Structure formats: structure tokens, C-alpha cells
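Novice: Numbering (my numbering), first residue to last: 70 to 300. Just passing along the structure, written as C-alpha cells.
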Amino acid sequence: MMLEVDRLTAGYGRIRVLHDVSLTVGEAEIVALVGPNGAGKSTLLRAVTAMLPDRGGSVTVDGRELIGAGVETIAAAGVAHVPEGRRLFPGLSVRDNLRLGGWLGRNKDLSGVLDLFPALAGRLDQVAGSLSGGEQQMCAIARALMSRPRLLLIDELSLGLAPVLVDEILLRLTGIAESGTGVLLVEQDAGAALEIAHRGYVLELGEITLAGTAAELTADPRMRVAYLGEE
Ligand code: ATP
């Protein structure tokens, strides 16, 4: 598997948030990570991208260990993170935000990401802070893709977006995965995430409590009651 997370522990100072979490993401695979607020989903993505100092266990991408590795190794592993809240540079143009995303991978060619997100093409000179919420999310994903990542981590894709736009962006993710990129998707709307995901994990109180193919999870009674809105 491209990403192998093995017995990962992580937290903030003395607070332990993740307890022995193991999961994998393969090449060209979309994996959904669902769970209640505060379960540790964002922490898990941060731990994979080495934004957290307090970690134990193992995180490998294509066999390369990232825990304890330097920034060069982490950058070379090709992991791109779209954090919750998008974190664009609001005062910079869309073009400059995209170019900054490509800087690490020395990619200056915007055409690939503009093909994926044509809505951005006419807005390259607009400052990112003036984009609509949906356009900002597209810009954030496009910026991450500019580094031509092997693995794309996306946090709360649908936050603040109209359902029709969520569907459109999810559809784009399918295309991104088909080109070989692995996608780990954190999403409140478990139903929407499992529609495009191949597999999924449920994270509760910092532990994986359920895992399976998207079809298995969608059919699981616990999943249906807790996350898919069944009475
Ligand atoms: P949500 O769906 O609400 O975004 P989540 O599953 O992504 O939740 P995390 O954001 O990973 O959950 O938070 C997990 C736990 O870690 C929470 O109890 C949170 O309060 C705590 N936490 C998150 N960031 C920090 C921090 N910087 N310092 C201390 N505790 C933190």
C-alpha cells in the first residue's frame, strides 16, 4: 500500500488523541475517514503530514518512514494536505496561490488543475479571499494538486458548501484518484464520502472502531444508525 499507518499515536503535549491507529491507502484509491466531532480525524491528517511533534508508531509512504524524518523526506514523499478551513493566502491572487502550491514540485503549469476546476480559469487574477466558499475549496484542492502529490489528504471537504457543489468536487476527486493519486478524505457527510470512496474507516475517541469497503460500511447497521441518518 502506498500509505501505511501502523499503530500511530499522536496528541498535543500530554493529551493523547490517537491510540494505536492503523490504516492504509493504496494507489488510485479513495479512502473515507468518518467519525464524530473531536474523534481525532484532523489530528490524524496532521500526524501523517508531520505537523505534530508528539507521535509514535509508523507512517510510511511508498515504504519511506516519515516519523522522525526531516522535511526534505516528507516533501519528497509527495503528500499534500488540504486543511480544514482551506488556509489560502486571501490577499494573493488565485494564480499566485496555485503557483505557491506548485513551488515544491517545481510545477509551473496551471493547465492540469484548471482542466479539473474550470471555474478557476476565469478567476486567476482575483484575490483568493474574494472567492465564494466553493471556489475557495476548489482553489485549495487545486493548490494541493499543483505539487503533483502521490497522496492527497482532505479535511472536511463539504464544510460550508452547497450540496450540488460538494457533489461536483467529489466527482473531481474520482478523476484525481483515477490518475493514480491516493486520497484520504475526512468528511462529515459520511453518505456522500462513501459514495465515491473505495474503502472507509470509522474513528471514534481516537481509535478505529470499524473498517471495510464502502459497500460493507454502507450496509453496516452501526454505521447506518450513527452516521447515515437512519432512525
Ligand atoms: P471535528 O470533526 O470536530 O473537526 P476531529 O475528529 O477532526 O473533529 P480533532 O480536531 O482531531 O478532531 O480533535 C481531536 C481532539 O484533540 C479534540 O479533543 C480536540 O479538542 C483536541 N485538539 C485538537 N487540536 C488541539 C490542539 N492544538 N491542542 C490541544 N488539543 C487539541
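All C-beta atoms in this analysis are idealised placements derived from N, C-alpha and C, irrespective of residue type, glycine included. Since this is a predicted model, take the numbers as computed values, not measurements.
1) May I have the straight-line CA-CA distance separating Leu263 from Gly298, to the nearest angstrom?
2) Using a Cβ-Cβ cut-off of 7 Å (strictly less than) and excluding sequence neighbours within five positions of Ala261, which residues of its own chain qualify?
3) For the region 80 to 87 against the region 241 to 251, are there 3 or more C-beta pairs whose distance is under 8 Å?
4) Considering Cα atoms alone, identify which of Tyr296, Leu221, Ala288 and Ala259 is closest to Leu72.
5) Restricting to Cα atoms, I'd like to know which of Cys208, Pro232 and Pro152 is closest to Gly181.
6) Would you kindly report the start and end of the unbroken alpha helix (DSSP H) that includes Arg164?
7) I believe Ser162 touches Gln195 by the beta-carbon criterion, under 8 Å. Please report the beta-carbon distance rounded to the nearest angstrom.
8) Who are Ser127's beta bridge partners in DSSP?
9) Do you know whose CA, among Ala190, Leu286, Leu200 and Leu135, lies nearest Leu157's CA?
10) Does the beta carbon of Lys177 fall short of 7 Å from some heavy atom of the ligand ATP?
11) Verify the contact flag: Ser111, CB atom, against every heavy atom of the ligand ATP, threshold strictly below 7 Å.
12) Rounded to the nearest angstrom, what separates Arg175 and Ala211 at their Cα positions?
13) With a threshold of 16 other CB atoms inside 10 Å of the CB of Glu256, please say whether the residue is buried or exposed.
14) Run the proximity test for Tyr270: is its beta-carbon closer than 7 Å to any non-hydrogen atom belonging to the ligand SAH?
15) In the DSSP assignment, the alpha helix (DSSP H) including Ser227 goes from what residue to what residue?
16) Taking Gly269 as part of the beta strand (DSSP E), name the residues at either end of that continuous run.
17) With DSSP as the reference, identify every bridge partner of Thr282, one or two as the case may be.
Specialist: So, from the listed chains and residues:
1) 14 Å
2) Ser227, Val235 and Leu239
3) no
4) Leu221
5) Cys208
6) Val163 to Trp172
7) 7 Å
8) Asp75
9) Leu200
10) no
11) yes
12) 15 Å
13) buried
14) This structure simply doesn't include the ligand SAH; it includes the ligand ATP instead.
15) Element bounds for Ser227: n/a, residue is neither H nor E.
16) Arg268 to Glu273
17) Arg268
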